[in-house]
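Engineer:
There are 2 protein chains.
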Amino acid sequence: MSRSERLLDLVQTLRRHRRPVSGRALAAELGVSIRTLYRDIATLQGQGAPIEGEAGLGYVLRPGFFLPPLMFSEDEVDAVILGLRFVSRRGDEQLAKTAENVLAKIEAVLPAGTEGAAASALLSGPFDKSTAGLVATIRKAIRAEEKLALSYTDKKGRSSQRVVWPVVVGYFQGYEIMAAWCETRGDFRHFRFDRIGSVKPTGLRMPKRHRVLLAEWRLNEDLDELL
Amino acid sequence: MSRSERLLDLVQTLRRHRRPVSGRALAAELGVSIRTLYRDIATLQGQGAPIEGEAGLGYVLRPGFFLPPLMFSEDEVDAVILGLRFVSRRGDEQLAKTAENVLAKIEAVLPAGTEGAAASALLSGPFDKSTAGLVATIRKAIRAEEKLALSYTDKKGRSSQRVVWPVVVGYFQGYEIMAAWCETRGDFRHFRFDRIGSVKPTGLRMPKRHRVLLAEWRLNEDLDELL
DNA sequence: CGGCTGCTGCCGGAAACTGACAGCGGGCGG
DNA sequence: CCGCCCGCTGTCAGTTTCCGGCAGCAGCCG
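One line per chain: the protein sequences are R and U, in this order. Sequential numbering from 1 applies to the first sequence in the numbering used here. Sequential numbering from 1001 applies to the second sequence in the numbering used here.
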């Protein structure tokens, strides 16, 4: 077993035992000498693990959480970020602040340019079951930077066919909407889901990177209200 | 610099460069020989990092996400879990499934007993600003396994003073509610936030572990509807 | 005091990591 | 076809790190 694996094991072992465990016992469980155990503990503490030792008692892992290296796919990071965004808006004050801290931590290790792209293909309101497929289609298009063909009826009852470049999906004042650059109008427009007749991927790439589009949209719109 | 630090650096370096980077360049940036670079890449791949190499091009980190070791406090894990719960209920189908996968991953590394405690002190609906403090108080009591003194008016308009052991906080059919064991009634009861007059921590421990209480409550209630 | 435990310094042997060299296979431009 | 670049593997010494054992100090408790 490699040293790094053993360090992970140590953390997990400490987690299992809620009460203080003596170094001797830990060493035996990991199959190393006490001396090495002490070194491992020191290493973990150096990495920020909240392990406390007291003479006469043993070691305890303070109820903090040391996340071992994990793989998250792009979609999984999306899910985490989206969830945290939600908490930061809907939780109680303390929890909201916590969520923002976590977001900052995560975004700090995300690839520089992706931060916007991954995080902004978001939705954050209660969704109707009927619109779930719609959201999936749009999210996919955002990810692929692909144009969408849209049939839409505006609030005056006029129907139209449009080609749009989707930017974000959101929930605003009781309506689910999609923000997108509308080729027909040559400007950003917001489309209410309940007015969308049909939406179809075109297979055509949008000429701008999503990240750029997002930045432009942010400049044009009042983000505070929407998100 | 230790080897493990260097491996982390490698991942971050690959993240910075979006385009393929040659092994030679990476080796130079990390200050090691090419041979060592190859070994490091192999190690990372062995740990599941999505690094791809192609002859004539270089290495790319597939847009997957390799989370370096991070410290999360108990509250921070709460925020993540809560957010994921939300996504698993409100996101589109694919995203919901993804969120559940992440939840499973995270719970797999959480301390065995805590899984319930941390994850169940949850809230999952839109919350009124006025109830934010209430939620914070209750969450704190759940965490500390502390009894709460409650003044409550039931739906028939009768007021009462109760001592309860809070179990979970949730959102159900438009109402924010707290599930708790009621000492007065000797049974589980659900309290609508808008009917709660006041709530005060008593400083007294509840005689049962929260985990046990949660399990009992689950046996009694229809969880599907509530959560 | 003695016993238990955490914690540190030191040392020699074992294990790993590292760099250099050689060689294979595949793509690409001449 | 060749030569070149690049990813990838094997081998092999030299170096570094890791590990176990030993000794010793400090704090706690009966």
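The beta-carbon is built from N, C-alpha and C at its ideal position, and this holds for glycine as well.
For a contact meaning CB atoms closer than 9 Å, what does methionine 1071 of chain U contact in chain R?
Structural biologist: Those are Gln47, Gly48, Ala49, Pro50, Gly64, Phe65, Phe66, Leu67, Lys105, listed as they occur along chain R.
Engineer: Which residue's Cα is closest to the Cα of leucine 8 of chain R: R/Pro201, R/Gln47, R/Ile177, R/Ala96?
Structural biologist: Comparing Cα-Cα distances from leucine 8 of chain R to each of R/Pro201, R/Gln47, R/Ile177, R/Ala96, the minimum goes to R/Gln47.
Engineer: For chain R, is any of its Cβ atoms less than 8 Å away from the one on glycine 1116 of chain U?
Structural biologist: With a pLDDT of only 45 at glycine 1116 of chain U, under 50, the local geometry of the prediction cannot be trusted, and the value read off the model is given with reservation. No, because no Cβ of chain R sits closer than 8 Å to the Cβ of glycine 1116 of chain U.
Engineer: Which whole-angstrom value is the C-beta distance of serine 1198 of chain U and serine 1159 of chain U, which I expect to be below 8 Å?
Structural biologist: In fact, because the Cβ distance is near 11 Å, the residues do not count as touching under 8 Å.
Engineer: If you reduce the DSSP assignment to three classes, tell me which class serine 124 of chain R lands in.
Structural biologist: Low local confidence applies: a pLDDT of 43 at serine 124 of chain R is under 50, so the model's placement there is unreliable, and no value is given.
Engineer: Say whether chain U places a C-beta atom closer than 8 Å to the C-beta of glutamate 145 of chain R.
Structural biologist: Chain U, which has no Cβ nearer than 8 Å to the Cβ of glutamate 145 of chain R, makes this no.
Engineer: Can at least three beta-carbon pairs, one atom from the stretch 1014-1032 of chain U and one from the stretch 20-35 of chain R, be found at a separation below 8 Å?
Structural biologist: The stretch 1014-1032 of chain U vs the stretch 20-35 of chain R: no contact.
Engineer: Specify, as a first and last residue, the run of the alpha helix (DSSP H) that leucine 150 of chain R falls within.
Structural biologist: Looking at the DSSP string, leucine 150 of chain R is not in any alpha helix (DSSP H); the run it does join, the beta strand (DSSP E), is 146-153.
Engineer: For valine 1032 of chain U, does the three-state DSSP call read helix, strand or coil?
Structural biologist: Valine 1032 of chain U falls in the coil class under three-state DSSP.
Engineer: Would you mind telling me which residues of chain R sit closer than 8 Å to aspartate 1078 of chain U, beta carbon to beta carbon, in chain order?
Structural biologist: Ordered by position in chain R, the residues that pass the 8 Å Cβ test against aspartate 1078 of chain U are Leu95, Thr98.
Engineer: What does a CB cutoff of less than 8 Å around arginine 15 of chain R pick up in its chain, not counting 5 residues either side in sequence?
Structural biologist: Excluding sequence neighbours, arginine 15 of chain R sits near Leu61.
Engineer: Tell me the DSSP secondary structure of threonine 19 of chain R in three-state form.
Structural biologist: A quick correction: the sequence has arginine, not threonine, at residue 19 of chain R. Of the three classes helix, strand and coil, the one that applies to arginine 19 of chain R here is coil, per DSSP.
Engineer: CB-CB under 6 Å to lysine 1097 of chain U, same chain, minus the five flanking residues each way: which ones, in chain order?
Structural biologist: Closer than 6 Å at the Cβ level, and outside the excluded window around lysine 1097 of chain U, lies no residue.
Engineer: Which class does alanine 179 of chain R belong to by DSSP, given the choice of helix, strand or coil?
Structural biologist: Three-state DSSP puts alanine 179 of chain R in a strand.
Engineer: Is it buried or exposed, serine 124 of chain R, if we count other Cβ atoms within 10 angstroms and call 16 or more buried?
Structural biologist: The predicted model places serine 124 of chain R with a pLDDT of 43, which falls under 50 and marks its position as unreliable; any figure quoted below should be read in that light. Under this definition serine 124 of chain R is a buried residue.
Engineer: When you check each C-beta in the stretch 177-206 of chain R against every C-beta of chain U, which residues fall closer than 7 Å?
Structural biologist: Answer in chain order: no residues at all.
Engineer: With 8 Å set as the bound, which would you pick, yes or no: does the beta-carbon of alanine 1136 of chain U sit closer than that to a beta-carbon of chain R?
Structural biologist: Judged by the 8 Å Cβ criterion, alanine 1136 of chain U is in contact with chain R.
Engineer: State buried or exposed for lysine 147 of chain R, treating a residue as buried only when at least 16 other CB atoms are found within 10 Å of its CB.
Structural biologist: Buried, since its Cβ has 16 or more Cβ neighbours within 10 Å.
Engineer: May I ask you to report which of helix, strand or coil DSSP gives glutamine 1012 of chain U?
Structural biologist: Residue state, collapsed to three classes: helix.
Engineer: Do proline 1020 of chain U and leucine 1057 of chain U have their CB atoms nearer than 8 Å?
Structural biologist: Against a cut-off of 8 Å, the Cβ pair of leucine 1057 of chain U and proline 1020 of chain U comes out as a contact.
Engineer: Using beta-carbon positions only, say whether arginine 205 of chain R and cysteine 182 of chain R come within less than 8 Å of one another.
Structural biologist: Their beta carbons are not under 8 Å apart, which means arginine 205 of chain R does not touch cysteine 182 of chain R by this criterion.
Engineer: Are the C-beta of serine 1159 of chain U and some C-beta of chain R separated by less than 8 Å?
Structural biologist: No, no contact with chain R.
Engineer: Could you please give the first and the last residue of the uninterrupted beta strand (DSSP E) stretch that includes leucine 1204 of chain U?
Structural biologist: Its beta strand (DSSP E) spans residues 1196-1205.
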